[in-house]
Structure formats: structure tokens, C-alpha cells
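Residue numbering for the sequence shown follows the numbering used here, beginning at 4 and increasing consecutively. Virtual Cβ for every residue (Gly too), placed ideally from N, Cα, C.
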Amino acid sequence: MRVLLDTHYLIWSMYDSSRLPEELIRILEDENVWIEYSIVSLWESEIKHLKHPESFEFTASDMLYDAQNSGYHMIDLDPAHIFTLGSLKDCSDSGHKDSFDRMLIAQAKAENMLLVTHDKRLTLYGEPCVKLF
4 MRVLLDTHYL IWSMYDSSRL PEELIRILED ENVWIEYSIV SLWESEIKHL
54 KHPESFEFTA SDMLYDAQNS GYHMIDLDPA HIFTLGSLKD CSDSGHKDSF
104 DRMLIAQAKA ENMLLVTHDK RLTLYGEPCV KLF
């Protein structure tokens, strides 16, 4: 099984594992699970770090290094991911307008991965590739 970590779970899995649910920890420890993270998460993290370095201390470079050392696998952006965006439900009227989240959902959907998240708003898209923990 291929699991794509959302940005929060990527950060927590490397820097604050006490925030991870037990069920997700079991999945991440399963040797049959291929754990992936997106370049989109690195991009989002770098923007957050640049805006608020005092509260968001991790740079994209830090995260890349630590994710590689954790044995995680990075997924790049691919045109198929971009084209998949058009198949996602428009949830902007529900208050969810996060382009990074939409891109992660599109990547998971296009690559037949399971996107794990703690953000209930991502379930509004109704995509079976989104798993809430």
C-alpha cells in the first residue's frame, strides 16, 4: 500500500510523533507500506517558514533531509496530478480553499495512493483516497 502523508502528518511523524494517532503509527510501521510525501508539502512548509520563522522553524531543506533519513519517498508533481485537479469537487463554498490540500488530494487520486490527514475538511471532497485519522 502507498500512503501519502499530508503536510501536518509529515511534520509530526518526523518532529512530534506524540501527535500521531496510534492507528496511523501502526500503518507507518508496517513494512508493507510505502510512505510518501509530496514536494507540495515542502513548498507549503517553506512558505510558512518564510512568513513565520519564529513559529514555523522547519525549512523545506530541513524537511527534505529528515524525510529522506526517515526512509520516506518523495513524489514530484506530474502533469497527471495537475489534470486530476479538474475532477475534484469544488469545496470553496464550504470554506476550504487550500490549494496545497487540493494538490495533495489530486496526487493521491492520480497515483492510487491513500492520503492520510487529520483535517476533516478534506473529507468534503468525497474522494475515497482521503483517509481521516
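Item: THR120, DSSP secondary structure in three states; Value: strand
Item: Coil, strand or helix - VAL36 by DSSP; Value: coil
Item: Distance between HIS55 and MET116 (C-alpha atoms, nearest Å); Value: 31 Å
Item: Through-space distance from ILE38 to LEU31, alpha-carbon basis; Value: 7 Å
Item: As assigned by DSSP and simplified to three states, the class of MET106; Value: helix
Item: Element boundaries [alpha helix (DSSP H), containing HIS99]; Value: First-last for HIS99: undefined, no H or E at that position.
Item: MET77 in three-state terms, based on DSSP; Value: strand
Item: Distance, SER16 Cα to SER102 Cα; Value: 22 Å
Item: DSSP three-state assignment for SER45, whether helix, strand or coil; Value: In the sequence as presented, Ser is not what sits at residue 45; that position holds Leu. The answer is helix: DSSP assigns LEU45 an H, G or I state.
Item: Of the listed residues GLU34, ASP9, ARG22 and VAL43, nearest to ASP143 (C-alpha basis); Value: Past the boundaries of the shown model lies residue 143; the chain is included only from 4 to 136, so the question cannot be answered.
Item: Same chain, Cβ closer than 6 Å to PHE59, five either side skipped, listed in chain order; Value: LYS51 and HIS52
Item: Under the three-state DSSP convention, the category LEU23 falls into; Value: coil
Item: Counterpart residues of LEU135 in DSSP-defined beta bridges; Value: THR120
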